[in-house]
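Below is one structure; the comments refer to it alone.
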Amino acid sequence: MYVRIRTWPELYMQIHNIPRAPLRFALHVSKPFWPWALLTIAFGVIAGTMDTATYYVFKQLVDTAEAYTLGASVQSVMLFWVLIYAVTAVGHNFMWRVSGLSAMQWFTGSRKYSTDLLYRYLAEHSTPYFNNRFAGSIANKIANASGGVQGLYETIMWSYLNVAIAITGATYLILTVSQTLAGIFIGWIVLLLVANYFLSKRTTLYSERRAEVKSRVNGMVVDIITNMRAVKSFAQGQEEIARVEGGTEEIKRATILSWFYGDMLLVFNAVVMGLFAVSMIAGAWYLWSISMMSTGEFVMILTILNGIIGWFTHIGQSMRAFAERYGEVEEGLDEILVPHEIVDAEGAKDLTLEKGDVVFDNVTFKYTTQNVFEDFNLTIPAGQRVGIVGPSGAGKTSLVALLMRQHDVNVAGRITVSGQDIRDLTQDSLHEAIALVPQEPNLFHRSIRDNIAYGRPDATDEQVHEAARKAQAHEFIMALPDGYKTLVGERGIKLSGGQRQRVAIARAILKAAPFLILDEATSSLDSESEAEIQTALHELMQGKTVIAIAHRLSTIKEMDRIVVMDGGAITEDGTHAELVGIKDGLYARLWTHQAGGFLED
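With this note's numbering applied, the sequence shown covers 72 to 672.
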């Protein structure tokens, strides 16, 4: 049953308009949660304002106590300000809690959304992108970017917003006392902010370096774990340990540099804040000594300084954390959001099946600087079973890669399926029409049933079992402790090569796509198993357009047609009987030189 997959325009727009800059990305993934973000900020502003208001309350309390004797009327005034203090002290904590509850929805929602967006974007990369990168490293970069965004939010909300409100409120209160003192205050604040900004940029640089090294090392560790069987069998355990230790040493050095510059920022803040405090206290004391400032105002200045110094001590640490998170997000986005190599054309349509043929029309394809195909032509009529053979480097794998749009024809010519240029089709609809049985089966660490039904998730148990029977897999599956519920391990490591191949064939049988590609589909089977599965493969091929690549020529000699390739060109084309009869022909030589059923290059 052929089921078409449609590309959603909304989804396309979502994943192809993701900002690359960390702060713009953080704002972008907040948009779906803007009501929660506004509530978080609003309650945070109220909380910060109430906290700053306590400075003024202290002034009123001291001035009231100093100006009057403790009579009944004074007691009522004192009681009023005490109640105001209680309201602000309790109220600002309550508002922060409410802000935190809103932030819970905003932060967690944005983190999930950013992870989903990045994964969707990642999933549209073509095969070469993944061939050149560690799987563990890519996963780590997504985690860094989405987790880093939450870290940016937290720093902005719980540190920067507080400081901004405290500075604004403190500036206003000091202005009510002395414009000169307010000018000194503003001057020191500007110096601190500008210096912190430039000093934190170096911390960001080393934080990004640390994130890059950490992702690479994590990818290396996953690669080693995945191939632990090879590590053990070749006695390379100590060498791999040394490789990991070298990577962790790089992480250590990058962390030390990031930490060093972060601590230098804290030291700078401590020195400047000390000078700041001395100058402000001296100025306030002088104004108080000449009776230009009340005792309450003097106390207010002191409490403001105490609060601001506390905030700026914290802001230095926050800037270091912000720089680290910023570097992690930037490193992750730079790696994930590279342009897609293969993209659907604007207005791409789903594949429609009419003729059902496959045509390579004057295809010239260059990989890096070398031509793989030049004016290559091949027509496969609908329903024809074609075997592709040839020595290594003949172009067999490239032919399949181009048909599957793992690469695009990049020089000249076109490839059509059922009369439609595959570059004008959605990739999903093209891939949905093709069942692929690769040389190395792609199995997930899931149950055998899930792996067989991967191309047809709505299949019933009976349909899954029937596909397994046709692939000669049902018997060995039922012999497993959990039958079809057996987990196969990462990349199917718990199964033998032949068992993995049978599961892959069962998956292709169940998918029932109109086009079938067999890429060394029986290479992992012994001769007896191959003979048993040939019947299933012949049944699978009925009514389909088939391309079968094989080094084991016995698997394709019954094909309707065999195409022999060499050096990116077709050298022979015919049935097995015809090609074997060509004296000194490449196919005849390959057939003669087979050893154990395999080709000798």
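Don't be surprised by glycine CBs; every beta carbon is placed ideally from N, CA and C.
Who does residue i pair with in a DSSP beta bridge?
| i | result |
| --- | --- |
| I558 | In the sequence on display, residue 558 carries Leu and not Ile. Answer is S518. |
| L587 | A506 and V617 |
| Y33 | Outside the displayed span of the chain (72 to 672) sits residue 33, for which this structure offers no information. |
| D637 | A640 |
| Q491 | V488 |
| A483 | T435 |
| L63 | Nothing can be reported for residue 63, as the shown portion of the chain is limited to 72 through 672. |
| V66 | The shown model of the chain, from 72 to 672, leaves out residue 66, and the question about it has no answer. |
| L496 | K420 |
| G645 | I633 |
Measuring alpha carbon to alpha carbon, tell me which of the options ends up nearest residue i.
| i | options | result |
| --- | --- | --- |
| R517 | R571, V508, E537 and A465 | R571 |
| Y658 | G458, G180, E546 and D187 | G458 |
| P410 | G614, S278, Y200 and W107 | Y200 |
| G418 | V634, D495, A214 and W382 | D495 |
| A266 | A113, N340, I209 and F586 | N340 |
| Y192 | I213, T319, L172 and R204 | I213 |
| M364 | M228, L246, T440 and D432 | L246 |
| P635 | L661, W229 and A539 | The sequence as given places Val at residue 635; Pro does not occur at that position. Among L661, W229 and A539, the Cα nearest to that of V635 is on L661. |
| S101 | I155, A174 and F129 | A174 |
| W356 | V148, I386, M344 and I372 | I372 |
| T374 | A108, V169 and I238 | I238 |
| R476 | F165, P452 and I493 | I493 |
| L358 | D415, T439 and A253 | A253 |
| L270 | L336, V234 and W330 | L336 |
| H478 | W107, H647, V169 and H196 | H196 |
| G381 | A353, M149 and G345 | G345 |
| I407 | L650, S286 and V559 | S286 |
| L376 | A416, V234 and E591 | V234 |
| F383 | L263, T440, G115 and I413 | L263 |
| L474 | S625, I413, V343 and A353 | I413 |
| E629 | E643, A241 and E649 | E649 |
| A483 | S278, S463 and D432 | D432 |
| V284 | V248, A325 and E311 | A325 |
| F586 | L611, R562 and P552 | L611 |
| Y397 | L608, R95 and I89 | R95 |
| N298 | I653, G560, A282 and G526 | G560 |
| I89 | T439, N513, D405 and F165 | D405 |
| E401 | L276, R540, G645 and G378 | L276 |
| R168 | M149, V153, W152 and V116 | V116 |
| L507 | H664, G526 and M351 | G526 |
Taking 7 Å as the cut-off, is the C-beta of residue i nearer than that to any heavy atom in the ligand ZN?
| i | result |
| --- | --- |
| A539 | As far as ligands go, the structure on display features none, and thus does not contain the ligand ZN. |
Throw me the rounded Cβ distance for the residue i and residue j pair, which I believe falls under 8 Å.
| i | j | result |
| --- | --- | --- |
| F178 | Q221 | 5 Å |
| G490 | N215 | Not a contact, Cβ separation roughly 46 Å. |
| V471 | I641 | Rounded, the Cβ-Cβ distance is 15 Å, inconsistent with contact. |
| W259 | F347 | 4 Å |
| H163 | A113 | Their Cβ separation, rounded to whole angstroms, is 14 Å, which puts H163 and A113 out of contact at 8 Å. |
| G180 | E399 | Actually they are not in contact, since the Cβ atoms of G180 and E399 sit about 20 Å apart, beyond 8 Å. |
| T616 | V429 | 6 Å |
| N442 | G639 | 7 Å |
| S170 | T111 | 5 Å |
| S230 | I386 | 6 Å |
| G454 | G614 | 6 Å |
| S217 | L189 | 7 Å |
| A241 | I352 | In fact, because the Cβ distance is near 14 Å, the residues do not count as touching under 8 Å. |
| G367 | V148 | No, G367 and V148 are not in contact; Cβ-Cβ is about 13 Å, not under 8 Å. |
contact_flag[the segment 522–535, the segment 581–590] where n(CB pairs < 8 Å) is 3 or more: yes
Okay, do the segment 438–446 and the segment 617–635 touch, 3+ Cβ pairs below 8 Å being the bar? no
Three-pair Cβ contact test at 8 Å for the segment 556–575 versus the segment 541–548: yes
Within the chosen definition, does the segment 118–130 reach the segment 175–195 through at least 3 CB pairs nearer than 8 Å? When C-beta atoms of the segment 118–130 are compared with those of the segment 175–195, fewer than three pairs fall below 8 Å, so the two segments do not count as touching.
Complete runs of the alpha helix (DSSP H) confined to the segment 290–365 [at least 4 residues]: Secondary structure in the segment 290–365: the alpha helix (DSSP H) runs of 4 residues or longer, each lying completely within the stretch, are 299–304 and 308–360 in chain order.
Runs of 4 residues minimum, wholly inside the segment 133–210: which ones carry the alpha helix (DSSP H) assignment? The segment 133–210 contains, as complete alpha helix (DSSP H) runs of 4+ residues, the segments 143–194 and 198–202 (chain order).
I'd like to know if the segment 273–291 and the segment 201–208 are in contact, where contact means that at least 3 CB-CB pairs between them fall below 8 Å. yes
Tell me whether the segment 496–509 and the segment 562–570 touch, counting them as touching only if at least three CB pairs, one residue from each stretch, are closer than 8 Å. no
Could you check whether the segment 302–311 touches the segment 225–237, counting it as contact only if at least three pairs of C-beta atoms, one from each stretch, sit closer than 8 Å? no
For a minimum of 4 consecutive residues, which ranges assigned as the alpha helix (DSSP H) are wholly contained in the segment 218–253? 232–246
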